[in-house]
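I have placed the structure first, in the form of structure tokens, so that the comments after it can refer back to it.
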């Protein structure tokens, strides 16, 4: 991993394809390292169904009396 980061800092090329939302290829730091494609698709679909708070609601606590 260290060598990959040093090479990236020196060349600007991480050595794997740029992430995009179509293929969702990402680097997996296993031994040996490899690439993986959209392994989190099930989790992502589950979370997409959850309502997202509006920015004004973030950090607010429910009012209690």
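Residue numbers (the numbering used here): 5 to 69.
Virtual Cβ for every residue (Gly too), placed ideally from N, Cα, C.
Using alpha carbons as the reference points, say which of the options lies closest to residue i.
| i | options | result |
| --- | --- | --- |
| residue 44 | 11, 34, 30, 19 | 30 |
Could you name the residues of the same chain whose beta carbon sits closer than 6 Å to that of residue i, not counting the 5 residues immediately before and after it, in chain order?
| i | result |
| --- | --- |
| residue 12 | 18 |
| residue 59 | none |
Where does residue i sit, in a helix, a strand or coil, going by DSSP?
| i | result |
| --- | --- |
| residue 48 | helix |
| residue 56 | coil |
| residue 28 | coil |
Kindly list the residues whose CB is nearer than 8 Å to the CB of residue i, restricted to its own chain and excluding five residues on each side of it in sequence; keep chain order.
| i | result |
| --- | --- |
| residue 33 | 5 |
Could you check whether residue j and residue i sit closer than 7 Å to each other, using their CB atoms as the reference points?
| i | j | result |
| --- | --- | --- |
| residue 27 | residue 47 | no |
| residue 20 | residue 39 | yes |
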